[in-house]
Structures are given as structure tokens and as C-alpha cells.
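Engineer: Here our numbering is used: the first residue of the sequence shown is 110, the next is one more, and so on.
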Amino acid sequence: MSLLVKKFGGSSLADLSCLKAVTKVIAQAHRSGQQLVIVVSASAGHTDALVQSARAISALPSPREYDALLASAEQASAALLSLLLIEQSIPAVSLTGFQAGIRTNALHNKAHIESVDPKRIQSHLEAGQVVVVTGFQGENLAGDITTLGRGGSDMSAVVLAGVLQAEACYIYTDVNGVYSADPKVVPTARRLTQISLTDMQQMAQLGARVMQQQALDYCYQHHIPLRIASTFDPDEGTLVTRDAHNPSPWVGVACQSNQVQFTLTGLIDWDALVVTLRQMMRNAMIDIDLIIQSHQGDAHCSDLNFTVHHDDYEQTLVIAERLCGDFNCRSVESQQALAKVSLIGKQLMTQPSVATDILSAASQLGVTIRWFTSSDTRMTWVVQQDKVKDMACLLHQSYLGTVSLTA
Numbered sequence: 110m111s112l113l114v115k116k117f118g119g120s121s122l123a124d125l126s127c128l129k130a131v132t133k134v135i136a137q138a139h140r141s142g143q144q145l146v147i148v149v150s151a152s153a154g155h156t157d158a159l160v161q162s163a164r165a166i167s168a169l170p171s172p173r174e175y176d177a178l179l180a181s182a183e184q185a186s187a188a189l190l191s192l193l194l195i196e197q198s199i200p201a202v203s204l205t206g207f208q209a210g211i212r213t214n215a216l217h218n219k220a221h222i223e224s225v226d227p228k229r230i231q232s233h234l235e236a237g238q239v240v241v242v243t244g245f246q247g248e249n250l251a252g253d254i255t256t257l258g259r260g261g262s263d264m265s266a267v268v269l270a271g272v273l274q275a276e277a278c279y280i281y282t283d284v285n286g287v288y289s290a291d292p293k294v295v296p297t298a299r300r301l302t303q304i305s306l307t308d309m310q311q312m313a314q315l316g317a318r319v320m321q322q323q324a325l326d327y328c329y330q331h332h333i334p335l336r337i338a339s340t341f342d343p344d345e346g347t348l349v350t351r352d353a354h355n356p357s358p359w360v361g362v363a364c365q366s367n368q369v370q371f372t373l374t375g376l377i378d379w380d381a382l383v384v385t386l387r388q389m390m391r392n393a394m395i396d397i398d399l400i401i402q403s404h405q406g407d408a409h410c411s412d413l414n415f416t417v418h419h420d421d422y423e424q425t426l427v428i429a430e431r432l433c434g435d436f437n438c439r440s441v442e443s444q445q446a447l448a449k450v451s452l453i454g455k456q457l458m459t460q461p462s463v464a465t466d467i468l469s470a471a472s473q474l475g476v477t478i479r480w481f482t483s484s485d486t487r488m489t490w491v492v493q494q495d496k497v498k499d500m501a502c503l504l505h506q507s508y509l510g511t512v513s514l515t516a
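1. Let me check one thing: in DSSP terms, what residues is Tyr175 bridge-paired to?
2. Decide if Arg391 is buried, meaning its Cβ has at least 16 other Cβ atoms within 10 Å, or exposed.
3. Distance check for Gly260 and Tyr329, CA to CA, integer angstroms please.
4. Quick check on DSSP: helix, strand or coil for Ala338?
5. In whole angstroms, what is the alpha-carbon distance linking Gln365 and Gly237?
6. Can you tell me which residues form a DSSP beta bridge with Gly454?
7. Are three or more beta carbon pairs between the segment 133 to 146 and the segment 171 to 181 nearer than 8 Å?
8. Taking only runs of the alpha helix (DSSP H) that begin and end inside the segment 209 to 292, which ones reach a length of at least 4 residues, in chain order?
9. With DSSP collapsed to three states, give me the class of Ser186.
10. Which residues in the same chain have their Cβ closer than 6 Å to the Cβ of Leu193, if we skip the five residues on either side of it in sequence?
11. Quick check: Pro170 and Ala180, are their CB atoms within less than 8 Å of each other?
12. What residues are listed by DSSP as bridge partners for Met488?
13. Can you tell me whether Pro200 is buried or exposed, with buried defined as 16 or more other CB within 10 angstroms of its CB?
14. Going by the CB atoms, is the gap between Val284 and Pro296 shorter than 8 Å?
15. Cys364 by DSSP, collapsed to three states: which one?
16. Measure the Cβ-Cβ separation of Pro343 and Val272 and say whether it is below 8 Å.
17. Mark Glu196 as exposed unless 16 or more other C-beta atoms lie within 10 angstroms of its C-beta, in which case mark it buried.
18. When you compare only the Cα positions, how much space is there between Met500 and Val362?
19. Quick one: give me the first and last residue of the beta strand (DSSP E) that His418 is part of.
20. Which residue from Ser472, Tyr281, Val268 puts its Cα closest to that of Asp326?
21. By the DSSP assignment, the alpha helix (DSSP H) with Leu468 in it spans what residues?
22. Determine the contact status of Leu432 and Leu399, defining contact as a CB-CB distance below 8 Å.
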């Protein structure tokens with residue numbers, strides 16, 4: 110009897126009609142004799158409503174109480190789904206993250222899973238029950254509820270798949286697989302039938318929101334095969350494995366919206382500041398990707414530019430101002446309403462004409478390129494937020510419009 114972990118995102122749990130579609134997927138797998146662990150997110154909009162309620166009370170709510178509040182959204186999803194399964198004569202039990210044995214470190218709001226004790230899950234599976242686990246949460250050593258940060262339900266699912274030695278982990282979203290770009294941004298984007306984990310990791314790192322990057326890293330390290338599909342079209346989807354092969358040099362286009370550019374001006378000791386910046390951002394659990402050096406005419410000084418997500422603006426501002434003082438920079442400047450658009454592929458350093466071609470084509474579309482950076486696996490352009498669609502469509506049409514994406 111095979112064991113599968115299936116994770117359902119918020120759009121799959123939005124209302125009763127969606128819950129019934131989820132139940133249909135689970136019932137089909139249950140009838141085939143599979144053991145099932147179901148991981149659920151909060152229903153669409155539920156977490157946002159709780160966040161607004163907390164922010165109405167305090168601009169900086171207690172991290173412990175904030176976690177306790179947000180975790181209740183997934184708990185509601187798990188209980189409602191279990192009730193519906195039981196009503197349809199499918200034995201089911203809901204477990205919170207800590208009831209499922211998920212233990213985390215002490216960091217609230219962005220906790221990391223440190224261990225899983227699967228005994229309770231296994232006992233319910235042996236009793237023939239479908240086990241519905243709340244994603245996004247666990248328990249620290251003090252017995253307090255912790256949450257795992259953005260996309261944390263993905264991490265819950267893949268870690269459980271690894272610990273339970275599941276045959277595969279299924280991720281159900283509002284799209285029927287992984288696309289060459291976000292179909293909401295690039296209407297001509299096409300579904301990939303399969304993609305390698307390394308390509309998927311790069312897509313996630315650069316903004317593809319199908320799955321959390323840390324969860325993909327875990328899958329790569331623990332050899333966990335993934336299938337990404339839609340609850341409402343479960344027979345389609347994309348297989349994500351370590352050894353999937355794509356004959357094309359182009360993989361896809363990814364976008365990161367709501368970016369903020371920080372600039373520390375008048376910098377002399379570039380290397381030391383970069384090392385300190387990375388360490389402080391890592392300690393604050395803030396993702397930092399692009400770090401660019403620029404010059405404004407002074408041969409002895411340079412400016413340091415980097416981008417973060419808008420959600421991390423306040424915390425990053427504190428760090429930047431401290432660094433400005435410690436390293437005697439002239440000023441800290443910031444620019445909001447930006448986005449990063451990336452072209453992902455292989456051996457891109459052998460394609461030097463891409464940058465100049467895109468710069469010319471973007472100019473004709475009225476898109477101003479603020480920054481550009483490249484590596485062997487990606488090229489990234491920083492543009493104004495309102496030009497994301499134009500830039501993404503340009504890249505996709507230029508390099509992925511006629512490429513076979515069936516791998």
C-alpha cells in the first residue's frame with residue numbers, strides 16, 4: 110500500500126464548492142487503497158483577514174500571539190475538510206502541526222522545522238484514516254505555536270513526505286502545473302509536463318510562486334518526487350524530479366513584484382560592508398538577492414544597491430541605517446514600486462547578445478531598465494512595477510514563444 114502526501118493551497122479551500130472538489134480528489138485516491146496524509150493551507154483570504162485584525166490592534170503585534178492567531182486559519186481548514194470527509198464516509202482525523210509531531214526552533218513568524226515525530230500520524234494511518242494536517246505551523250520547545258513564514262505549508266508537506274518516506278508529494282494549486290511564466294502575467298505561457306528540481310529551484314528563487322524555494326531545496330536533498338497539479342483538473346500537471354531533462358537552453362520567465370531598492374551612497378570599504386550586510390540580513394531572515402555596485406563619478410567611492418521585498422522594508426531600513434553609520438556612508442536612499450523580471454536558462458553567459466537585444470526592445474516599449482545582472486543560469490532586469498507585464502511578455506515572446514516545453 111503506497112503512502113502519498115497531498116497538499117492543498119488556499120484557492121483549493123476557498124469555499125464549500127472548492128472543499129467538495131478537494132474531497133473528490135482525496136476520495137478517488139482513498140478508494141484505490143492509498144494511505145493519505147493531507148496538508149492544508151488557510152482558505153483564500155482567511156489569513157489576510159486575520160492579519161488585518163491584528164494590525165488594527167497593534168502595528169507590531171506580539172510575535173507569539175500573532176502566530177497563535179494566524180495558525181487558527183489552517184486549523185479551520187483542516188477541521189472543515191475532515192468534517193466533509195467523514196460526512197462522505199471517509200474516515201479522517203485532523204491534526205494541528207504540533208499534534209502531528211512537528212517541532213521547530215524558537216523563532217516566531219519565520220520558524221524552521223527541526224524535527225518530526227511521526228508516531229501519531231502513523232497510528233492514524235494504520236487505523237485506516239486519512240490524516241489531515243495543518244500546514245504552516247509547528248511547536249517550539251516551550252510548547253508555543255510557531256508559524257513557518259510565507260509558503261510554509263509547502264515546507265510542512267515535503268518534510269512530512271520525507272519523514273514518512275512517501276512515494277511522492279502532490280502540490281495542488283489554482284493552476285494545472287508549472288508554466289513557462291505566470292499565465293496571469295504572460296497569457297501565452299505554456300504548461301511544462303516535467304521540469305528538473307534545479308530548474309524549479311531557480312524559478313522559485315526568482316519569483317515563480319508555484320512553490321516555496323526552501324521546500325524545493327528539501328526535495329532535492331531528500332530525493333522527493335513532486336507533482337504539481339490543479340485540484341480542479343487533477344489529471345494534468347507537472348512532474349518535478351532531479352533528473353528531468355530540458356533540451357532547450359531556455360526554461361522560463363519569473364517575476365518578483367513589490368520590490369524595494371536600497372542604496373547606500375559614498376561607500377569606501379565595499380567588501381566589508383557586503384559581508385556585514387549579508388550576515389545581518391541572514392540573521393533577520395530577510396531574503397536578499399541582487400547586490401550591485403555603482404559609481405557616481407567619485408573614483409574613491411561607490412554606491413551599494415540591493416533589493417528586498419516590500420514586506421521587509423521597515424526591518425531592512427533599520428539595518429541599512431545602522432550600516433550607514435558604522436561604515437561612514439553618505440546616505441541611505443530607497444526606491445519603491447519596483448519589480449525584477451528574470452529570464453531563466455542554461456549557459457546564458459554564451460548568449461551575450463540577449464542583454465543588448467532586450468535593452469533595445471524594452472526601450473521601444475517604453476520600459477526603463479534600472480539595473481541588469483546576469484549569471485550562467487539567469488538574466489535579471491529591474492523595472493518599474495507597472496512595466497512587469499510588458500517586460501515579461503517581451504522576454505517570453507523573444508525566447509520561449511517557439512520552444513518546445515514538454516521536456
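The beta carbon of each residue, even a glycine, is placed where N, CA and C say it ideally should be.
Structural biologist: Straight from the coordinates:
1. One-based indexing of the sequence shown puts residue 175 at position 66. Bridge partners of Tyr175: none, in fact.
2. As a first step, residue 391 is located in the sequence shown; it is residue number 282 there, counting from the start. Result: exposed.
3. Residue mapping note: residue 329 aligns to position 220 of the sequence shown, counting from 1. Residue mapping note: residue 260 aligns to position 151 of the sequence shown, counting from 1. Answer to the nearest angstrom: the Cα atoms are 17 Å apart.
4. Here residue 338 corresponds to residue number 229 of the sequence shown, with the count starting at 1. Strand, per DSSP.
5. The sequence position of residue 365 within the sequence shown is 256, counting from 1. The sequence position of residue 237 within the sequence shown is 128, counting from 1. Going by the C-alpha atoms only, they are around 43 Å apart.
6. Position 345 of the sequence shown, counted from the first residue, corresponds to residue 454. Gly454 pairs with Trp359.
7. no
8. 228 to 235, 261 to 272
9. Walking along the sequence shown from the start, residue 186 turns up at place 77. Helix.
10. Mapped onto the sequence shown, residue 193 falls at position 84. Cβ neighbours of Leu193 beyond the five flanking positions: Leu128, Thr132.
11. As a first step, residue 170 must be located in the sequence shown, where it is residue number 61. As a first step, residue 180 must be located in the sequence shown, where it is residue number 71. In this structure, Ala180 does not lie closer than 8 Å to Pro170 by Cβ.
12. Counting from 1 along the sequence shown, the entry for residue 488 is found at position 379. Bridge partners of Met488: Leu452, Ser483.
13. Along the sequence shown, one-based indexing puts residue 200 at 91. Under this definition Pro200 is an exposed residue.
14. Residue mapping note: residue 296 aligns to position 187 of the sequence shown, counting from 1. Residue mapping note: residue 284 aligns to position 175 of the sequence shown, counting from 1. For Pro296 and Val284, no; Cβs fall outside 8 Å.
15. Here residue 364 is taken as the residue at index 255 of the sequence shown, counted from 1. Correct three-state label for Cys364: strand.
16. The residue you call residue 343 lines up with position 234 of the sequence shown. The residue you call residue 272 lines up with position 163 of the sequence shown. No. Outside cutoff.
17. Working through the sequence shown from its first residue, we reach residue 196 at position 87. Flag for Glu196 reads exposed.
18. What you label residue 500 is simply residue 391 of the sequence shown in a count that begins at 1. What you label residue 362 is simply residue 253 of the sequence shown in a count that begins at 1. Those two C-alpha atoms are separated by around 10 Å.
19. Translated into the one-based positions of the sequence shown, residue 418 becomes position 309. Run containing His418: 411 to 418, per the beta strand (DSSP E) assignment.
20. Here residue 326 refers to the residue found at position 217 of the sequence shown. Considering only alpha carbons, the answer is Val268.
21. Numbered from its first residue, the sequence shown carries residue 468 at position 359. From DSSP, the alpha helix (DSSP H) with Leu468 extends over 462 to 473.
22. Counting from one through the sequence shown, the residue named residue 432 turns up at place 323. Counting from one through the sequence shown, the residue named residue 399 turns up at place 290. Taking 8 Å as the Cβ cut-off, Leu432 and Leu399 do not qualify as a contacting pair.
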